[in-house]
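According to our numbering, the sequence shown is numbered sequentially starting from -5. Yeah, the Cβ is synthetic: ideal placement off N, Cα and C, and Gly gets one too.
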Amino acid sequence: MKVIREWKTMLIPYEQAVEELKVKFKAIRNQYRELSEYSPIEFVTGRVKKISSIIEKAERSNIALDRIEEEMEDIAGLRVMCQFIDDIYRVVDLIHERSGKDFEVLYEKDYIKSPKESGYKSYHIIVQYPVHTALGTKKILCEFQIRTLAMNFWAIIEHSLSYKYKSQIPDNIRERLRNSAIAATQLDEEMTAISKEVINAQLLFEEKSNTIRDITTHIQILFSQGFEREAIDFEKRFENIKDDDNMLELEILLADIKKALPRYNLFEKGALK
-5 MKVIREWKTM
5 LIPYEQAVEE
15 LKVKFKAIRN
25 QYRELSEYSP
35 IEFVTGRVKK
45 ISSIIEKAER
55 SNIALDRIEE
65 EMEDIAGLRV
75 MCQFIDDIYR
85 VVDLIHERSG
95 KDFEVLYEKD
105 YIKSPKESGY
115 KSYHIIVQYP
125 VHTALGTKKI
135 LCEFQIRTLA
145 MNFWAIIEHS
155 LSYKYKSQIP
165 DNIRERLRNS
175 AIAATQLDEE
185 MTAISKEVIN
195 AQLLFEEKSN
205 TIRDITTHIQ
215 ILFSQGFERE
225 AIDFEKRFEN
235 IKDDDNMLEL
245 EILLADIKKA
255 LPRYNLFEKG
265 ALK
């Protein structure tokens, strides 16, 4: 019981690091989207290795238990998912830009340009992240894995099979996995080839979504300030155009609603957005 408690205590800063880094990179993604710009980050997940997995890897890699924190680089792990291969390298650049501010990049492994024999593809970056705890600052190692959705799907399947067969995957299944990795790469390359069309469509969708959100929010403000007749009129205009793809009409409507709001200077000051 005491040993388990000691392990859990050791892992607390790692759990804190994962949560903090998830918040930082989700914020980057949300900032892109709020500005109606394309985000190279599709979504972010994170995890801290289970105690049993840490011990198992330490034994497999001949890492002494008292050297785990210095030598095991993936106790804390962040996975950044991207839509296209080019996005991966944009995220890599974002991480490098933050090096020296949020954390220090120690080294990286490009398994996209140089895949593993199994077919595994991903971009790994090892960083040293300072965690501020009640007992002071502790620098821990954390691994970023940056990959496309197709790469991630393949990696999840491969990991599950490896776990089932205790890393001794039968040759016929291993060969089919390699073929699947080739198919995933072809899919990624095809999607990257048409990425401009996909991105433009997504940006138009984001812009329309943001505009519709602003229209509904401002109509509610009119209702809340007692301007029900004006709010109902704008609501009717909105109902007539919201199912169309006419962005110009939506933008004109939003501008008219803003002008109708009392104390319009509040928008200038950023009180209402």
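In terms of residues, what are the limits of the alpha helix (DSSP H) holding residue 144? For this step, residue 144 is matched to residue 150 along the sequence shown. Taken as a continuous stretch (DSSP letters only), the alpha helix (DSSP H) holding residue 144 covers 143 to 158.
Does the distance from the CB of residue 42 to the CB of residue 9 come in under 7 Å? In the sequence shown, the residue the question calls residue 42 occupies position 48. In the sequence shown, the residue the question calls residue 9 occupies position 15. Contact flag set, yes.
How should residue 101 be labelled, buried or exposed, when 16 other C-beta atoms within 10 angstroms of its C-beta is the threshold for buried? Position 107 of the sequence shown, counted from the first residue, corresponds to residue 101. When all chains shown are included, residue 101 counts as exposed.
Alpha carbon to alpha carbon, what distance is there between residue 184 and residue 200? The residue labelled residue 200 in the question sits at position 206 within the sequence shown. The residue labelled residue 184 in the question sits at position 190 within the sequence shown. If you take the alpha carbons of residue 200 and residue 184, they lie about 23 Å apart.
Which residues in the same chain have their Cβ closer than 6 Å to the Cβ of residue 132, if we skip the five residues on either side of it in sequence? Translated into the one-based positions of the sequence shown, residue 132 becomes position 138. Correct list, in chain order: 7 and 125.
Look at the Cβ atom of residue 140, then the Cβ atom of residue 192, and state whether they are nearer than 7 Å. In the sequence shown, residue 140 corresponds to position 146, counting from 1. In the sequence shown, residue 192 corresponds to position 198, counting from 1. Contact: no.
Who pairs with residue 130 in a beta bridge, going by DSSP? In the sequence shown, the residue the question calls residue 130 occupies position 136. Paired residues: 127.
Who are residue 118's beta bridge partners in DSSP? Here the question's residue 118 lines up with position 124 in the sequence shown. The partner list for residue 118 (beta bridge, DSSP) reads 103 and 139.
Excluding sequence positions up to five away, which residues of its chain have a Cβ less than 8 Å from the Cβ of residue 156? Counted from its first residue, the sequence shown places residue 156 at position 162. Once the five neighbours on either side are set aside, the close Cβ partners of residue 156 are 163.
Spatial neighbours of residue 235 in its chain, beta-carbon cut-off 8 Å, leaving aside the 5 residues before and after: Indexing the sequence shown from 1 puts residue 235 at position 241. Contacts found: 243, 244 and 247.
Please state the DSSP three-state secondary structure of residue 98. Position 104 of the sequence shown holds residue 98. Residue 98 falls in the strand class under three-state DSSP.
Nearest neighbour of residue 198, chosen from 230, 229 and 30 [CA to CA]: Locating residue 198 in the sequence shown gives position 204, where the first residue counts as 1. When each option's Cα is compared against that of residue 198, the closest is 30.
Evaluate residue 123 with the Cβ neighbour count: other Cβ atoms within 10 Å of its Cβ, from every protein chain shown; 16 or more gives buried, anything less gives exposed. Within the sequence shown, the letter at position 129 stands for residue 123. Looking at its Cβ environment, which holds 16 or more other Cβ atoms inside 10 Å, residue 123 is buried.
Does the Cβ of residue 211 have 16 or more other Cβ atoms within 10 Å, making it buried, or fewer, making it exposed? Numbered from its first residue, the sequence shown carries residue 211 at position 217. Exposed, by the Cβ-count rule.
From what residue to what residue does the alpha helix (DSSP H) around residue 185 run? Here residue 185 is taken as the residue at index 191 of the sequence shown, counted from 1. Segment 165 to 187, the alpha helix (DSSP H) holding residue 185.
Residue 67 versus residue 60: straight-line alpha-carbon distance, rounded: Residue mapping note: residue 67 aligns to position 73 of the sequence shown, counting from 1. Residue mapping note: residue 60 aligns to position 66 of the sequence shown, counting from 1. If I take the Cα positions, the gap works out to 14 Å.
Rounding to the nearest angstrom, what Cα-Cα distance links residue 254 and residue 23 in this structure? Counting from 1 along the sequence shown, the entry for residue 254 is found at position 260. Counting from 1 along the sequence shown, the entry for residue 23 is found at position 29. Between residue 254 and residue 23, the C-alpha separation is close to 33 Å.
Just confirm the distance between the C-beta atoms of residue 148 and residue 175, as a whole number of angstroms; I'd bet it's less than 8 Å. In the sequence shown, counting from the first residue as 1, residue 148 sits at position 154. In the sequence shown, counting from the first residue as 1, residue 175 sits at position 181. Confirmed, Cβ separation roughly 6 Å.
Check the C-beta distance from residue 93 over to residue 99 and give it rounded, since I have them as a contact under 8 Å. On the sequence shown, residue 93 is found 99 positions in, with the first residue counted as 1. On the sequence shown, residue 99 is found 105 positions in, with the first residue counted as 1. Contact holds; Cβ gap of about 4 Å.
At which residues does the alpha helix (DSSP H) containing residue 244 begin and terminate? Taking the first residue of the sequence shown as position 1, residue 244 is located at position 250. It spans 241 to 254 - the alpha helix (DSSP H) in which residue 244 sits, taken as one unbroken run.
For residue 93, the residue or residues it bridges with in DSSP: Against the sequence shown, residue 93 aligns to sequence position 99. Paired residues: 97.
What does the alpha-carbon distance come out to for the pair residue 45 and residue 143? Taking the first residue of the sequence shown as position 1, residue 45 is located at position 51. Taking the first residue of the sequence shown as position 1, residue 143 is located at position 149. The alpha-carbon atoms of residue 45 and residue 143 are separated by roughly 28 Å.
Under the rule that 16 or more other beta-carbon atoms within 10 Å means buried, what is residue 146, buried or exposed? The residue labelled residue 146 in the question sits at position 152 within the sequence shown. Flag for residue 146 reads buried.
For residue 207, which option in 121, 195 and 229 has the closest C-alpha, if you only look at C-alpha atoms? Looking up residue 207 in the sequence shown gives position 213. When each option's Cα is compared against that of residue 207, the closest is 229.
Determine the closest residue to residue 116 out of 80, 13, 14 and 16, with distance taken between C-alpha atoms. The residue you call residue 116 lines up with position 122 of the sequence shown. Here the closest residue by C-alpha is 80.
Would you mind sorting residue 130 into buried or exposed? The rule is 16 or more other CB atoms within 10 Å of its CB. The count along the sequence shown starts at 1 and reaches residue 130 at position 136. Counting Cβ neighbours within 10 Å, residue 130 comes out exposed, since fewer than 16 surround it.
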